[in-house]
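Visitor: Sharing a structure with you now.
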Amino acid sequence: MNDWRFERPPGLPLPQPAEEARPFFDALLEGRLAIQCCVACGLLLHPPRAVCSACQSTDFDWQETSGKGVVYSYVVTHQAVHPALAGHTPLATVEVELAEGPHITSNLIDVPPESVEIGMAVTVVFEEVSDGVVLPLFRHH
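Numbering (this note's numbering), first residue to last: 1105 to 1245.
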């Protein structure tokens, strides 16, 4: 493997989490990948939401995950869809199926876009992109 590495382009907007997503981002600050869990039916939900999609409960806990999963799907973007991405394409965005079941969308930090494969084993890494903002990225393992 070569020394290719994903780097977040400067000027790319930071997430602005809704209130129901705050525990997800707080866990990331602590180096944990936590997923919303419906107390009523046990369904793991991502992205976080105000109402369970299975039973319509509004009572949630947060379950820490292993951070391991596989690439379920991906797309390689060749055209800069935001001015901050100019000069940073091609860029692979991956949908990771976590070992616990939920899917999360992110980027791989150590795999060139042309080498991404469905089924590739990945594990989460936490990258501080700004003061108080940590994002979950993934690396091949």
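Backbone N, C-alpha and C define an ideal beta-carbon position, used for all residues, glycine too.
Any contact between the stretch 1157 to 1167 and the stretch 1178 to 1198? By contact I mean 3 or more CB pairs, one from each, below 8 Å.
Guide: no
Visitor: Could you give the uninterrupted runs of the beta strand (DSSP E) lying entirely in the stretch 1125 to 1195, keeping only those of 3 residues or more?
Guide: 1138 to 1142, 1164 to 1168 and 1172 to 1181
Visitor: Between V1198 and F1242, which are expected to be in contact by the criterion C-beta below 8 Å, what is the C-beta distance as a whole number of angstroms?
Guide: The sequence position of residue 1198 within the sequence shown is 94, counting from 1. The sequence position of residue 1242 within the sequence shown is 138, counting from 1. Indeed, because the Cβ distance is near 7 Å, the residues count as touching under 8 Å.
Visitor: Helix, strand or coil for E1204? Go by DSSP, reduced to three states.
Guide: Mapped onto the sequence shown, residue 1204 falls at position 100. Correct three-state label for E1204: coil.
Visitor: Can you have a look at L1118 and say buried or exposed, based on whether 16 or more other CB atoms are within 10 angstroms of its CB?
Guide: As a first step, residue 1118 is located in the sequence shown; it is residue number 14 there, counting from the start. It is exposed - the Cβ of L1118 has fewer than 16 other Cβ atoms within 10 Å.
Visitor: Following the continuous beta strand (DSSP E) through A1225, name the residue where it begins and the one where it ends.
Guide: As a position in the sequence shown, residue 1225 is number 121, starting the count at 1. Counted as a single uninterrupted DSSP element, the beta strand (DSSP E) harbouring A1225 occupies residues A1225 to S1234.
Visitor: Can you tell me which residues form a DSSP beta bridge with L1241?
Guide: Walking along the sequence shown from the start, residue 1241 turns up at place 137. Residue pairing by DSSP places L1241 opposite V1229 in a beta bridge.
Visitor: Look at the alpha carbon of L1137 and the alpha carbon of A1196, and state the distance between them as a whole number of angstroms.
Guide: The residue you call residue 1137 lines up with position 33 of the sequence shown. The residue you call residue 1196 lines up with position 92 of the sequence shown. Cα to Cα, the separation comes out at about 21 Å.
Visitor: Indicate the three-state DSSP secondary structure (helix, strand or coil) for E1111 in the structure shown.
Guide: For the purposes of this step, residue 1111 is taken as residue 7 along the sequence shown, with counting starting at 1. If DSSP states are grouped into helix, strand and coil, E1111 belongs with coil.
Visitor: I need the straight-line Cα distance from V1155 to V1143, nearest angstrom please.
Guide: Within the sequence shown, residue 1155 is the residue found at index 51, counting from 1. Within the sequence shown, residue 1143 is the residue found at index 39, counting from 1. Answer to the nearest angstrom: the Cα atoms are 11 Å apart.
Visitor: Can you list, in chain order, the residues of its chain with a C-beta nearer than 6 Å to that of R1126? Leave out the 5 residues immediately preceding and following it.
Guide: Counted from its first residue, the sequence shown places residue 1126 at position 22. Once the five neighbours on either side are set aside, R1126 has no close Cβ partner at all.
Visitor: Residues in its own chain within less than 8 Å of P1217 by CB, not counting five upstream and five downstream?
Guide: By one-based count along the sequence shown, residue 1217 stands at place 113. Excluding residues within five positions, the ones whose Cβ falls inside 8 Å are V1180, P1194, L1195 and A1196.
Visitor: If you count every other CB in all the chains shown that lies within 10 Å of the CB of P1146, and 16 or more means buried, which is it?
Guide: On the sequence shown, residue 1146 is found 42 positions in, with the first residue counted as 1. One point to set straight first is that residue 1146 is Gly, not Pro, in the sequence displayed. The residue in question, G1146, is exposed, as its Cβ has fewer than 16 Cβ neighbours within 10 Å.
Visitor: For E1123, which beta-bridge partners are listed by DSSP?
Guide: Position 19 of the sequence shown, counted from the start, is the residue given in the question as residue 1123. For E1123, which the question treats as bridged, DSSP gives no partner whatsoever.
Visitor: Just checking my contact of S1170 with A1203 at CB under 8 Å: how many whole Å lie between their CB atoms?
Guide: The residue given as residue 1170 occupies position 66 in the sequence shown. The residue given as residue 1203 occupies position 99 in the sequence shown. Their Cβ separation, rounded to whole angstroms, is 5 Å, which keeps S1170 and A1203 in contact under 8 Å.
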